[in-house]
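Student:
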Amino acid sequence: MTKVWLPCGHYHENYAKDQGWWQTPVIKGKMISLLLIVFVVFPLTLSGYWLSVANMIGYTALGALGVQLLIGYAGLITLGHAAFIAVGAYTSTLLVLYVPWPEFISTWGLAYPISILVAAIVAGLWSVLFGLPCVRVKGFYLILTTMAAQFITVDFILTQYISQIGGRGQAFSLPPGTIKIGPWFIDSDLKAYFLMIFLLVLTIIIMANLLRTRVGRAWIAIRDNDIAAETLGINIVWYKLLNFFMAGFIAGIAGAFWVSNSAALSPEHFPWFWSLWLVGVILIGGGGIDGVIFGSIFMVVVMEFIQMGVISLADVFPDLMMKFLYVKESAFGLAICAFLIYEPRGLSYRWWQIKNYFNLWPFSY
Amino acid sequence: MELFLMTLISGIMVGGIYALVALGWVLIYKCSGVLNLAMGELTLIGAYVSLTFYSMGIPFILSIVLTLLIGIVLGILVERIFLDKLIGEPILAVIMVTVGISFFFKGLVEFIWGTDIRIFDPPIFSLKPVSIGFLHISTVYFWSFVLAIVLFLVFVAFFKYTRWGLSMQATADDETAALSLGVSARFVYAASWAIAFMSAGVGGALLGNINGVTISVGYLGLLVLPAVVLGGLNSIPGAVVGGITIGILQNFAGTYLDQYFPGGVKEIFPFAFMAVFMLFVPYGLWGWIKIERM
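Here is the structure:
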């Protein structure tokens, strides 16, 4: 869905142009102004509350990018992605809190950046471990394996064993000032926002470029028909495992970012619900990387609006406030069903249609 | 030795309930090809509905019957509203719709009944255990098992001997042939969902009697997935064997493994077992082996 019908008078003269991201001056200007908006205008204008909403959107998008890589590009349906995010978050926290870093690393604030990288790699390897059954099984059976990954990782290993490190029992507390990048302490929503937007843009660039290499084309071939892909000489086991690794890698980055955005870390931040939520995000968003972004924005912002509505109704129905979480769950379930039934190709397809309409406007036929 | 036997027996008893719920799952898959992830929430609804009827002063057996009736209504509604429109859609869409349904129902249950633990009060089964020889089985387990098996046999008899059951069998066997013989596929889909809701609802009511009614009953209902994978996705005898095996395994893990891995090994062991089992026998004991060609 990355292809847009070009306006009259634009032709591709070579392969590089055909594969280019920003194909016309209009698109280039649009994207640069979008980058300006997210890097400059939003931090300057948004209040603390909306910045925290933006951070939530970014965290959701980082998580959902990995899910999109698995489901949308390799056809490997996962319902346990929160486990890999949790692995990333815990790796990063343990590295920051419990590793005796040499003096120069802590003065220069390198511990957290290093921990992001290590967390991503550890989460990637953990994801490969649970991806190994894809050698033998696929489809529904793979779903069950990833569910098992969720229960084994979060409900058993993290809750029963990892959380006991340090003797606190339940959660690791992350007082402000623990997370330091270079000279900056990540202690406000604004700083977390900059970290988020940097990581998000970086991940999107990596993923988008990966998808137009040999690796990405192999994944898409496997998604469309894995038996045909095998006959074409694609080593499907290797590429599926590579896909699991990349998805876990991005999940690890998401988890490590979550550490900087929260004051404490507990297994309850990564329930099975969160795995399903991420799949819901890409179902509502639709295909492609823009689908992830649209889905994250839609889900988070709509939930915020529902919450605002509930708060304003709180005087009339005090019960509603207490039970907001359940309303949210129900609304999420209904939203997934409604999108799958009435808009199965998601928001990004609608956006693509709108763009094409205006590209060819006023002669849209 | 006695501990071993006790663990085995109570495992079989709980496994009977899992088998009943697994029957509902297998039926939906056989008849309409839908892989249902909402089974946990169906058991949850059954537990709370029967509890509500029971606490209104209706006798337990009657409240089970009322739960069955509500199960029929909900099953047909769910099929007509959500699943009917998705016939022929890709597998991910159908699975995720069942996930959406499960969230909808879970949120609804929590909204109506809250999340506190509730028990059937006054208790239905006496605390005095049933003694068979030297074995002592707690009454709840014993009667739950009996009720589950009776219902299971009723459902099986329904398939074997009634006209509706036979039409469901025909659809499961060969949908095109059944359609050409005048079987209404939409009726069969609705009926399979109704039966799934009924079996899961009764299963939930019985599980609620054993552990008390909370949201975690829904998690127990999710154990149906390892059970059906073990038995094969489209095999009714497989559902029985798988359900009972999962019950036994779960109890053994709780008794013998808990000292080595303290914590929730009982809850996750069936899933860990399933993940390993799938590597070696992906189609289960009696499932149809699908051969894929280009």
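Protein chains in written order, with numbering that gives the first Met the number 0: chain U, 0 to 364; chain Y, 0 to 293.
We put the beta carbon where it would ideally sit given N, CA and C, even for glycine.
1. State yes or no: is the C-beta of E31 of chain Y within less than 9 Å of the C-beta of S191 of chain Y?
2. Can you list the residues of chain U that P261 of chain Y reaches, using a CB-CB cut of under 8 Å?
3. Out of Y:V223, Y:L206, Y:P225 and Y:L224, which one is the CA nearest neighbour of V216 of chain Y?
4. Looking at chain Y, is there any beta carbon in it that lies within less than 9 Å of the beta carbon of E328 of chain U?
5. Mind the definition here: the segment 184-203 of chain Y touches the segment 31-47 of chain Y only if three or more C-beta pairs lie below 8 Å; say whether that holds.
6. Contact check, M298 of chain U vs I283 of chain U under 8 Å by CB: the rounded distance?
7. Report, in whole angstroms, the separation of the C-beta atoms of L219 of chain Y and I245 of chain Y, which I expect to be a contact under 8 Å.
8. Excluding the 5 residues preceding and the 5 following G47 of chain U in the sequence, name in chain order all residues of the same chain whose CB lies nearer than 6 Å to its CB.
9. Beta-carbon separation of A63 of chain U and L277 of chain U under 9 Å?
10. Less than 9 Å between the beta carbons of I94 of chain Y and L34 of chain Y, yes or no?
11. So K84 of chain Y contacts chain U; which residues on that side make the cut at Cβ distance below 8 Å?
12. Could you check the C-alpha separation between N242 of chain U and V145 of chain Y for me, to the nearest Å?
13. Measure from the alpha carbon of A85 of chain U to the alpha carbon of each residue in U:K327, U:Q149 and U:I31, then state which is nearest.
14. Could you tell me the alpha carbon to alpha carbon distance between F193 of chain U and D186 of chain U, rounded to whole angstroms?
15. Residues of chain U with CB under 8 Å from I100 of chain Y, in chain order?
16. Any idea what DSSP makes of A313 of chain U, helix, strand or coil?
17. Checking 9 Å against the spacing of the C-beta atoms, do T213 of chain Y and R117 of chain Y come in under that value?
18. Between which two residues does the alpha helix (DSSP H) harbouring H80 of chain U extend?
19. Kindly indicate the opening and closing residues of the beta strand (DSSP E) around I131 of chain Y.
20. According to DSSP, simplified to helix, strand and coil, what is L264 of chain U?
21. If you drop the 5 nearest sequence neighbours on each side, which residues of the same chain put their C-beta closer than 8 Å to that of L131 of chain U?
22. On the DSSP letters alone, give me the boundaries of the alpha helix (DSSP H) that I113 of chain U sits inside.
23. DSSP three-state call for R216 of chain U: helix, strand or coil?
24. In the DSSP assignment, find the unbroken beta strand (DSSP E) run with I136 of chain Y in it and report its ends.
25. Is A252 of chain Y close to chain U? Criterion is C-beta to C-beta, closer than 9 Å.
26. Does any C-beta atom of chain U lie closer than 9 Å to the C-beta of E1 of chain Y?
27. With N260 of chain U and Y58 of chain U assumed to form a contact (beta carbons below 8 Å), what rounded beta-carbon distance in angstroms separates them?
28. Can G286 of chain U and G8 of chain U be called in contact, C-beta distance under 9 Å?
29. Which term fits S295 of chain U, buried or exposed, when burial requires 16 or more other beta carbons within 10 angstroms of its beta carbon?
30. Specify whether the segment 143-158 of chain U and the segment 259-279 of chain Y touch according to this definition: at least 3 beta carbon pairs, one from each stretch, less than 8 Å apart.
31. For A171 of chain Y and K29 of chain Y, which I take to be in contact (beta-carbon distance under 8 Å), what is that distance rounded to the nearest angstrom?
32. Just grab the DSSP bridge partners of F184 of chain U for me.
33. Please go through the segment 138-215 of chain Y and give each complete alpha helix (DSSP H) segment of 4 or more residues, from N-terminal end onward.
34. Pull up the distance between the alpha-carbon of G308 of chain Y and that of F338 of chain U, whole angstroms please.
35. Let me confirm a value: S101 of chain Y is counted as buried when at least 16 other C-beta atoms fall within 10 Å, else exposed. Which label applies?
36. Can you pull the DSSP bridge partners for F171 of chain U?
Tutor: Walking through what the data contain:
1. The question names Glu, yet the displayed sequence has Ser at residue 31 of chain Y. Between S31 of chain Y and S191 of chain Y, the gap from beta carbon to beta carbon is short of 9 Å.
2. Against P261 of chain Y, the close residues of chain U are Q159, in the order they occur along the chain (beta-carbon pairs closer than 8 Å).
3. Of Y:V223, Y:L206, Y:P225 and Y:L224, the residue nearest in Cα terms is Y:L206.
4. So, interface residue.
5. Judged by pairs of C-beta atoms under 8 Å, the segment 184-203 of chain Y touches the segment 31-47 of chain Y, as three or more such pairs exist.
6. That belief holds up - the Cβ atoms of M298 of chain U and I283 of chain U are roughly 7 Å apart, short of 8 Å.
7. Approximately 11 Å separates the beta-carbon atoms of L219 of chain Y and I245 of chain Y; this is outside 8 Å, ruling out the contact.
8. For G47 of chain U, where only same-chain residues beyond five positions count, the Cβ hits under 6 Å are D188.
9. A contact, by the Cβ cut-off of 9 Å.
10. Yes, Cβ-Cβ distance for I94 of chain Y and L34 of chain Y is below 9 Å.
11. Chain U residues near K84 of chain Y: I340.
12. Between N242 of chain U and V145 of chain Y, the C-alpha separation is close to 48 Å.
13. The shortest C-alpha to C-alpha distance from A85 of chain U to any of U:K327, U:Q149 and U:I31 is the one to U:Q149.
14. Here the alpha carbon of F193 of chain U sits roughly 12 Å from the alpha carbon of D186 of chain U.
15. The answer, in chain order, is G332 and C336.
16. Residue state, collapsed to three classes: coil.
17. Going by C-beta atoms, T213 of chain Y is nearer than 9 Å to R117 of chain Y.
18. Residue range H80 to Y97 is occupied by the alpha helix (DSSP H) that includes H80 of chain U.
19. In the DSSP assignment, I131 of chain Y falls within the beta strand (DSSP E) that extends over V129 to I131.
20. Secondary structure at L264 of chain U: strand, using DSSP grouped into helix, strand and coil.
21. Excluding the 5 residues flanking it on each side, L131 of chain U has same chain C-beta neighbours closer than 8 Å at L240, in chain order.
22. Where I113 of chain U is concerned, the enclosing alpha helix (DSSP H) stretches over A110 to G130.
23. Three-state DSSP puts R216 of chain U in a helix.
24. L134 to I136 is the span of the beta strand (DSSP E), which, as asked, contains I136 of chain Y.
25. Judged by the 9 Å Cβ criterion, A252 of chain Y is not in contact with chain U.
26. Chain U contact via Cβ: absent.
27. In this structure N260 of chain U is in contact with Y58 of chain U, their Cβ atoms being roughly 7 Å apart against a cut-off of 8 Å.
28. Contact flag unset, no.
29. Its Cβ being crowded by 16 or more others within 10 Å, S295 of chain U is buried.
30. Three or more Cβ pairs closer than 8 Å define a contact, and the segment 143-158 of chain U meets that threshold against the segment 259-279 of chain Y.
31. Contact holds; Cβ gap of about 4 Å.
32. Paired residue(s): U:K179.
33. Under the rule that a run must span 4 or more residues, the alpha helix (DSSP H) segments found entirely inside the segment 138-215 of chain Y read 138-160, 162-172, 174-179 and 184-210.
34. Examination of residue 308 of chain Y is not possible in this model, given that chain Y is present from 0 through 293 alone.
35. Burial state of S101 of chain Y is buried, judged by a 10 Å Cβ sphere holding 16 or more other Cβ atoms.
36. U:L264.
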